[in-house]
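Whatever position you read off the sequence shown (first residue = 1), add 35 for our numbering.
All residues carry an ideal CB built from backbone N, CA and C; glycine is no exception.
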Amino acid sequence: MCPMTGRLFAILCLAVMAASPAFANKVFVSNEKGNTVTVIDSDTWEVLEEFPAGNRPRGITISPDGALLYVCASDDDAVRVFDTETYEELYTLPSGPDPELFVIHPSGDRLYIANEDDNLVTVTDTHSHTVLAEVPVGVEPEGMAISPDAKWVVNTSETTNMAHFISTADYKIRHNVLVDQRPRYAQYSSDGSKLFVTSEIGGTVSVMEIDDEGAPTLVHKIGFQVPGVLPEWLQPVGARITKDGKWLFVALGPANRVAVVNAETYEVEKYILVGQRVWQLDFTPDEKYLVTTNGNSNDVTVIDVEAREAIKSVQVGQQPWGVVVQPDR
């Protein structure tokens, strides 16, 4: 092959690669009353599939490599595991009773599961399919977060109104922080310097600064006000913070809005109108879009993050609860 021909061949190959469409990141939505998971294409925003996912699927997450989908089948007292390509159920994992929410270790080898009925956090090994520990926590545990360095897991207890900081080294609670009524969700910033805890009935988000040893200090509480909306309808539930730590998005439940909060000043800069009873949220990997689950309108809303506008609604199953977007593969 002559040098010119070789260069032309290389140019053509690069052109073909550039023109080839990127693989879409699938969006997985758990439908609490429909007992299904809906799969959405994040390029076209069309529904690809809906498959059975056990009884009362709520918490939903995905393995770091994007190959396995984990679903809290709350009324089955199990975590169901599915192939993200075929949607086949592969096996179940022990979860303790009534699993509601969980987080996965960055390595993918452990799940930390909130057991609402038994006031426990169950630690499950995803490879050996065994329970490694059961950690007693407050009453009605729900929210779960893991620090970026994986040294801490935070559980929020709805009735005790606390955030419990559990060491992943020995599964002991090292810190407890009192927050407002019915804490639902916890989210670390990507650098681990802050933790945000939503309180559904309290109507606030508690902001904690985290020191180098992982210890928390409560520094601020974010409140919400929407003209024409009763204060008791402003119920913070799910929350997500951008990777740069600048913007916090908070689902406000029956207020049917997502609050856009400046995560440096803690000022609410905008409220985005979405579907009815917005519950959980997740970003696409590039953070171009944010997807919300709207339980009473049986749909998800797609938000353009930069524009801070809702751009699309997609019908899913009955009472969508949780959402996770497949990572880049």
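**Request:** Can you grab the Cα-Cα spacing for the pair R364 / V138, in whole Å?
**Result:** Distance from the CA atom of R364 to the CA atom of V138, rounded to whole angstroms, is 20 Å.
**Request:** Have a look at P56 and A198 and give me their C-alpha separation to the nearest angstrom.
**Result:** Reliability of the predicted coordinates at P56 is poor, the pLDDT of 42 falling under 50, and the value obtained from them is presented with this limitation in mind. Distance between P56 and A198, taken at the CA atoms: about 44 Å.
**Close-in-space but distant-in-sequence residues of the same chain around T79 (CB under 8 Å, 5 per side omitted)** = Correct list, in chain order: A59.
**Request:** Determine the contact status of V326 and L316, defining contact as a CB-CB distance below 9 Å.
**Result:** It is a contact, given that the beta carbons lie within the stated cut-off.
**Asked** Are the beta-carbon atoms belonging to T191 and G273 less than 9 Å from one another?
**Response** At the C-beta level, T191 and G273 stay beyond 9 Å of one another.
**Asked** What's the gap between the Cα of T127 and the Cα of K68?
**Response** One alpha carbon belongs to T127, the other to K68, and they sit about 20 Å apart.
**First and last residue of the uninterrupted beta strand (DSSP E) at V337** = Where V337 is concerned, the enclosing beta strand (DSSP E) stretches over D334 to D339.
**Asked** For E84, which of P92, K281 and K61 has the nearest alpha-carbon?
**Response** Out of P92, K281 and K61, K61 has the C-alpha closest to the C-alpha of E84.
**Request:** Given a cut-off of 9 Å, decide if Q222 and L213 are closer than it, judged by their beta-carbon atoms.
**Result:** No, these two residues do not count as a Cβ contact at 9 Å.
**Request:** Could you give the DSSP three-state label for S130: helix, strand or coil?
**Result:** Residue state, collapsed to three classes: coil.
**Exposure label - T165; buried when at least 16 CB within 10 Å** = By the neighbour-count rule (16 or more Cβ atoms within 10 Å), T165 is not buried but exposed.
**Prompt:** Do you know whose CA, among E193, F200 and P355, lies nearest R219's CA?
**Reply:** In terms of CA proximity to R219, E193 leads the group E193, F200 and P355.
**Prompt:** Are A286 and P271 touching if we call contact CB-CB under 9 Å?
**Reply:** It is a contact, given that the beta carbons lie within the stated cut-off.
**Message:** Whole angstroms are fine: how far does the CA of R275 sit from the CA of F318?
**Reply:** The alpha-carbon atoms of F318 and R275 are separated by roughly 8 Å.
**Request:** Ignore the nearest five residues each way along the sequence and tell me which others in R115's own chain have a CB closer than 7 Å to its CB.
**Result:** Only A88, G89, V106, A108, E124 and T127 meet the Cβ criterion.
**Message:** Buried or exposed, going by whether 16 or more other CB atoms sit within 10 Å of the CB of A102?
**Reply:** Around the C-beta of A102, fewer than 16 other C-beta atoms lie within 10 Å, and the residue is accordingly described as exposed.
**Asked** How would you label D133, buried or exposed, when you count the other beta carbons within 10 angstroms and need 16 or more for buried?
**Response** Burial call: buried.
**Prompt:** Do V351 and V335 have their C-beta atoms closer together than 9 Å?
**Reply:** It is a contact, given that the beta carbons lie within the stated cut-off.
**Request:** Spatial neighbours of S182 within its chain, please: CB distance less than 7 Å, with the 5 preceding and 5 following residues excluded, ordered by chain position.
**Result:** Here S182 has Y223, G227 and G249 as same chain residues with Cβ atoms under 7 Å from its own Cβ, once five neighbours each way along the sequence are excluded.
**Request:** Go ahead and pull the three-state DSSP assignment for E267.
**Result:** Reduced to three states, the DSSP call for E267 is helix.
**Prompt:** From which residue to which residue does the beta strand (DSSP E) around S202 run?
**Reply:** Start and end: M197 to S202.
**Asked** Among W268, E299 and G288, which residue has its Cα nearest to the Cα of G280?
**Response** The shortest Cα separation from G280 among W268, E299 and G288 belongs to E299.
**Item:** Residues bridged to P357 (per DSSP)
**Value:** For clarity, residue 357 is Gly in the given sequence; the question names Pro instead. When beta bridges are read from the DSSP output, G357 appears opposite S65.
**Asked** Got a sec, what are the start and stop residues for the beta strand (DSSP E) D118 sits in?
**Response** Counting along the chain, D118 sits inside the beta strand (DSSP E) bounded by residues A113 to D118.
**Asked** From G330, T119, Y301 and F86, pick the residue whose C-alpha is nearest to that of P362; which is it?
**Response** Of the residues G330, T119, Y301 and F86, the one whose Cα lies closest to the Cα of P362 is T119.
**Request:** Return the first residue and the last residue of the beta strand (DSSP E) that K229 is part of.
**Result:** Looking at the DSSP string, the run of the beta strand (DSSP E) that includes K229 is K229 to S234.
**Item:** Burial state of S142, where buried means 16 or more other Cβ atoms lie within 10 Å
**Value:** S142 should be labelled exposed.
**Request:** Look up D247 in the DSSP assignment and say whether it is helix, strand or coil.
**Result:** Note: D247 maps to coil in three-state DSSP.
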